[in-house]
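Enquirer: Mind the numbering: the sequence shown is residues 115 to 641 in this note's numbering, read in order. Quick one: the structure is below, and I'll ask about it shortly.
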Amino acid sequence: MLIASRSPRARRVPGIGALAAALLCALCLALGACGSLAGSSGSGLADGSYTIDVSLEGGTGRAQVASPAAVNVEDGAITLTLVWSSSNYDLMVVDGTEYAPTTTEGGSTFDIELPELVDSLAVQAETTAMGDPHLIEYTIELDTESLAPADGSAGPQAAETDESSAAASGANVADFHNTDLGCGLEPTGSLELQYATNFTVDTFEGGLRLICIANGERFLVVPEGSTAPDGLADDIAVIQLPLDNVYLVSSSVACLIDELGAIDAIGTTSIKQDGCPIEGLARAYEAGAVSYGGSYDTPDFELIAGTGCTLAIENTMINHNPDAKQKLRDLGITVLTEQSSREPEALGRLEWIKLFGVLFGREAEADAFFAQAAERVEAVAANEPTGKTVAFFYINSNGAAVTRRSGDYVAQMIELAGGTYLFSDLTGEDGTSSSTVTLEMEEFFATARDANVIIYNSTIDGSVSSLSDLLAKNQLLEQFSAVQEGNVWTTDQNMYQQMTNTAGIITDIHNVLVGDTDDLTYLKQLS
């Protein structure tokens with residue numbers, strides 16, 4: 115399984131025009147340069163993960179895109195991941211197709227679907243950096259001769275059969291649970307998991323713990339005062355406890371570490387002090403106990419290494435910049451790429467707190483927290499369905515509605531709260547694995563106009579603070595039943611960074627559905 119693409123494929127309109135000659139030429143260059151990269155797929159590339167050198171032309175000259183960029187091929191379909199130097203880009207238009215960013219953490223990131231590799235790609239990108247959003251024309255130059263497997267192997271077939279190569283490329287491994295340490299030790303037990311599917315933890319004699327991650331990464335956690343056994347398998351990285359001066363990049367799990375009371379083990383982070391939503395981390399900044407270590411793609415290597423850091427906790431964004439990941443490793447820093455965002459269930463994401471309990475010596479606290487949170491969610495889910503329908507969306511700068519696929523954790527939270535998610539037909543069976551879908555307003559209106567409840571996604575678009583703000587985006591919204599009945603709500607802007615509050619968010623949604631709205635925390639009614 116390849117990296118889960120998060121790019122919403124949107125409307126097709128007459129756009130940039132045919133690039134047939136350029137496509138054919140670029141493909142020939144790529145195949146000639148890479149040889150074994152050719153496969154039987156329609157794109158001419160074998161399924162796998164690659165990197166390609168890219169450059170940006172146009173605009174004011176101040177914007178940049180990270181190079182090399184990631185290229186993923188699945189069933190012949192090519193996805194190019196572009197990471198901008200700024201977080202202010204909220205839309206890209208490529209060949210008439212609109213794309214919303216998969217994340218703005220560390221720079222706006224877009225997954226662009228291509229029929230074939232090209233050596234020059236005309237795009238438009240919308241920025242909010244100068245006030246009102248406006249589109250700027252750019253050209254993305256792709257050096258097709260630089261195309262190479264992301265793991266540096268001779269070809270994609272090697273990457274597909276080697277778990278360590280999969281970890282380097284970001285691809286998940288179908289059967290990633292491998293307890294063979296290579297030294298003859300056998301597991302004596304395992305960590306019980308109820309919902310999480312993207313990691314395992316096994317126990318060995320002497321208190322050793324083996325962590326297996328779904329991307330193929332493996333780590334041996336060694337207790338304080340102990341040493342790793344001789345003959346350890348080459349693909350296993352050692353994490354020596356106790357941890358100190360960790361470089362924390364993944365903002366979504368910072369709340370889990372804070373919940374465990376382990377922020378004091380963080381020395382550097384990619385989460386900036388200004389507006390930091392994690393209370394414990396904000397206090398650590400104020401006390402001078404933690405420093406900004408740069409973003410995932412531009413770490414302050416000297417600062418991080420100078421703290422004595424031995425572990426970096428990254429999210430899947432690091433797969434877009436394998437050079438940064440390798441440089442950290444070259445400095446003697448173990449890199450763990452957490453995969454909580456790929457969990458298919460909301461409680462699966464939350465259960466990653468157990469992994470951090472193992473890493474930070476807070477297993478009892480992790481177990482207690484998760485048990486309490488799961489009990490709260492299960493108690494709400496045990497209620498009879500309310501029969502109320504819910505639309506969850508935001509409106510992009512071009513007036514289109516961006517909503518979630520039915521398999522997304524937000525849609526699942528609505529179902530757990532007793533609601534019926536209106537877009538149950540958006541299953542991802544169209545060949546993409548994106549969590550969001552962009553719909554023309556007329557198409558969105560046809561499905562959502564009779565929704566009992568509207569929840570506006572302010573984590574992406576924070577410009578809506580009143581009902582008039584929402585209605586100003588499109589007059590069709592005035593005809594929605596929820597608008598006419600005053601049942602329009604907006605999310606807290608930090609909802610995506612509040613994984614520990616999953617139970618509270620689900621409870622708030624349930625209370626909105628049943629009309630018990632006196633004491634809400636994460637939803638605000640628009641009036």
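C-beta: ideal position from N, C-alpha, C; glycine also. Keep in mind it's a predicted model, so treat the numbers as computed, not measured.
For Cys369, which three-state DSSP category applies?
Expert: Cys369 falls in the helix class under three-state DSSP.
Enquirer: For the 8 Å Cβ check, are there 3 or more pairs between the stretch 360-370 and the stretch 420-432?
Expert: Short answer: they touch.
Enquirer: My assumption, with CB atoms under 8 Å, is that Ser580 sits in contact with Leu640. Please give the rounded CB distance.
Expert: With 8 Å as the limit, Ser580 and Leu640 qualify as a contact, their Cβ atoms being about 6 Å apart.
Enquirer: Kindly list the residues whose CB is nearer than 7 Å to the CB of Cys326, restricted to its own chain and excluding five residues on each side of it in sequence; keep chain order.
Expert: Only Phe290, His291, Asn292, Phe313, Thr314 and Arg332 meet the Cβ criterion.
Enquirer: Please check the pair Thr258 and Asp225, which I expect to be a contact at CB under 8 Å, by giving their CB distance rounded to whole angstroms.
Expert: Between Asp225 and Thr258 the Cβ distance is about 19 Å, and since that is not below 8 Å, they are no contact.
Enquirer: Return the Cβ separation of Gln607 and Ser572 in integer angstroms, given the expectation that the two are a contact with Cβ distance under 8 Å.
Expert: Going by Cβ atoms, the distance from Gln607 to Ser572 rounds to 5 Å, so yes, they are a contact pair.
Enquirer: Of the choices Val367, Thr216 and Met431, whose alpha-carbon is the least far from that of Asn394?
Expert: Looking at the sequence provided, one finds Gly at residue 394 rather than Asn. Residue Val367 is the option with its Cα nearest to Gly394.
Enquirer: Using the Cα positions of Gln453 and Asp564, report the straight-line distance between them to the nearest angstrom.
Expert: If you take the alpha carbons of Gln453 and Asp564, they lie about 36 Å apart.
Enquirer: When the Cα atoms are used, what is the spatial distance from Cys369 to Met613?
Expert: Distance between the alpha carbons of Cys369 and Met613 is about 7 Å.
Enquirer: Taking the alpha-carbon of Ala403 as reference, which of Leu442, Pro413, Asp388 and Asp378 has the nearest alpha-carbon?
Expert: Nearest option by C-alpha distance: Asp378.
Enquirer: Distance, Cα to Cα, Gly389 vs Gly600?
Expert: So the alpha carbons of these two residues sit roughly 31 Å apart.
Enquirer: To the nearest angstrom, report how far apart Val336 and Arg443 are at their CA atoms.
Expert: Their backbone Cα atoms lie some 19 Å apart in a straight line.
Enquirer: By the three-class DSSP mapping on this structure, what secondary structure does Ile574 have?
Expert: The answer is coil: DSSP assigns Ile574 none of H, G, I, E or B.
Enquirer: Let me know the alpha helix (DSSP H) ranges lying completely inside the stretch 425-464, each 4 residues or longer, listed in chain order.
Expert: Listed in chain order, the complete alpha helix (DSSP H) runs (minimum 4 residues) inside the stretch 425-464 are 436-444 and 460-464.
Enquirer: Compare the Cα-Cα distances from Leu159 to each of Leu231, Ala183, Asn202 and Glu219 and report the closest residue.
Expert: Of the listed residues, the one whose Cα sits closest to Leu159 is Leu231.
Enquirer: If I'm right that Val197 touches Val179 with Cβ under 8 Å, what's the distance once you round it to whole angstroms?
Expert: Indeed, because the Cβ distance is near 6 Å, the residues count as touching under 8 Å.
Enquirer: Which of the three DSSP states is assigned to Val360 in this structure?
Expert: In this structure, Val360 counts as strand in the three-state DSSP scheme.
Enquirer: Restricting to Cα atoms, I'd like to know which of Phe318, Thr223, Leu228 and Ala488 is closest to Asn202.
Expert: That would be Thr223, whose Cα lies nearest to the Cα of Asn202.
Enquirer: With a cut-off of 8 Å on the beta carbons, I'd call Leu590 and Val602 a contact; round off their distance for me.
Expert: Leu590 to Val602, Cβ: 14 Å. No contact.
Enquirer: Considering only the alpha carbon of each residue, which of Gly221, Ala177 and Pro215 lies closest to Ser435?
Expert: In the sequence as presented, Ser is not what sits at residue 435; that position holds Asn. Looking at the Cα atoms, Gly221 is the closest of the given residues.
Enquirer: Thinking C-beta only, is Gly471 closer than 7 Å to Glu465?
Expert: Result no, Cβ atoms of Glu465 and Gly471 do not sit closer than 7 Å.
Enquirer: Is the CB-CB distance between Tyr410 and Ile432 below 7 Å?
Expert: It is a contact, given that the beta carbons lie within the stated cut-off.
Enquirer: Report the residue ranges of all alpha helix (DSSP H) runs contained in full by the stretch 576-615; include only those spanning at least 4 residues, in chain order.
Expert: Listed in chain order, the complete alpha helix (DSSP H) runs (minimum 4 residues) inside the stretch 576-615 are 581-585 and 595-598.
Enquirer: Between which residues of its own chain and Ala342 is the CB-CB distance below 7 Å, once the five residues before and five after are set aside?
Expert: Here the set comprises Leu334, Val336 and Val352.
Enquirer: Report yes or no: do three or more beta-carbon pairs, one from the stretch 477-494 and one from the stretch 612-626, lie closer than 8 Å?
Expert: At 8 Å Cβ cutoff, the stretches touch.
Enquirer: Pop quiz: Phe483 and Ile371 are said to be a contact at Cβ under 8 Å. What is the actual Cβ separation, rounded to whole angstroms?
Expert: About 12 Å separates the two Cβ atoms, so there is no contact after all.
Enquirer: I need the straight-line Cα distance from Thr604 to Gly422, nearest angstrom please.
Expert: Each residue's Cα considered, the two are about 43 Å apart.
Enquirer: Once DSSP output is grouped into helix, strand and coil, what is the label at Gly172?
Expert: Strand at Gly172.
Enquirer: Under 7 Å, do Leu450 and Ala419 count as touching if we go by C-beta distance?
Expert: No, Cβ-Cβ distance for Leu450 and Ala419 is not below 7 Å.
Enquirer: Mark Val497 as exposed unless 16 or more other C-beta atoms lie within 10 angstroms of its C-beta, in which case mark it buried.
Expert: Here the sequence assigns Asn to residue 497, which means Val is not the residue at that position. Its Cβ having fewer than 16 others within 10 Å, Asn497 is exposed.
Enquirer: Which of helix, strand or coil does DSSP assign to Phe415?
Expert: Helix.
Enquirer: Could you check which residue in Val187, Ile574, Ile623 and Ala191 has the C-alpha nearest to that of Gln526?
Expert: Gln526 has its Cα closest to that of Ile623, out of Val187, Ile574, Ile623 and Ala191.
Enquirer: Who are the near neighbours of Ala124 in its chain, counting only those whose CB is closer than 6 Å to its CB and skipping five residues on each side?
Expert: The predicted model places Ala124 with a pLDDT of 37, which falls under 50 and marks its position as unreliable, so this point remains unresolved.
Enquirer: Considering Cα atoms alone, identify which of Asn186, Thr193, Glu188 and Leu205 is closest to Ile575.
Expert: According to the sequence as given, residue 575 is Asp; it is not Ile. Of Asn186, Thr193, Glu188 and Leu205, the residue nearest in Cα terms is Leu205.
Enquirer: Name, in chain order, the residues that DSSP records as bridge partners for Lys502.
Expert: Partner(s): none; Lys502 has no beta bridge.
Enquirer: Check for me: the alpha helix (DSSP H) holding Gly471 runs from which residue to which?
Expert: Looking at the DSSP string, the run of the alpha helix (DSSP H) that includes Gly471 is Ile467 to Leu473.
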